[in-house]
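Peer 1: As numbered in the numbering used here, the sequence shown has no gaps in its residue numbers, which increase by one up to the final residue, 72.
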Amino acid sequence: MYFLTEKPDKAYLVAAEVSGNCVSHKYAYSFIDDGIKVQAIIIDACLRVGVRPILFPGSTCIYPKLAQRPIEVYEQALGLCGDCQWQAVQEA
């Protein structure tokens, strides 16, 4: 409804769900599922009303410290500490 009434000229999708490391690890499925649903709803709303651009950055904490740049999407989950694993999957 927001996008239909306000008609923004750009969108920033910066967080679907924020949690601590223990929460995202303990409830990994819920964390990923909620995040993907929110992202899909926002992106769909933007596309339906013609909002461009949609800025969708990833969190820097999901990238392996010593990974080569630029990093490929499939490489995000490689070599991560367990604390960031599910956030990386959600953002990939």
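Beta carbons are placed, not taken as given, at the ideal position from N, Cα and C, and that holds for glycine.
Spatial neighbours of Val(-6) within its chain, please: CB distance less than 7 Å, with the 5 preceding and 5 following residues excluded, ordered by chain position.
Peer 2: The residues are Pro37.
Peer 1: To which residues of the same chain is Cys61 closer than 7 Å at the C-beta, ignoring the five residues directly before and after it?
Peer 2: With a pLDDT of only 49 at Cys61, under 50, the local geometry of the prediction cannot be trusted, and the value read off the model is given with reservation. The answer is none, since no qualifying residue turns up.
Peer 1: Using the three-state DSSP reduction, which class does Cys61 fall into: helix, strand or coil?
Peer 2: Unreliable placement is indicated for Cys61, whose pLDDT of 49 sits below 50; the coordinate value is still reported in the next sentence. Three-state result, Cys61: coil.
Peer 1: Select from Arg49, Pro50, Asp13 and Arg32 the residue whose C-alpha is nearest the C-alpha of Lys(-13).
Peer 2: Selected option, being the one with the closest Cα: Arg32.
Peer 1: Helix, strand or coil for Leu(-7), going by three-state DSSP, please let me know.
Peer 2: Correct three-state label for Leu(-7): coil.
Peer 1: With a CB to CB cut of under 6 Å and the five nearest residues on each side skipped, what residues in its chain are close to Leu35?
Peer 2: The answer, listed in chain order, is Tyr(-8).
Peer 1: Skipping 5 residues on each side, what residues in its chain have a beta carbon closer than 6 Å to that of Phe(-17)?
Peer 2: Contacts found: Ala25 and Val29.
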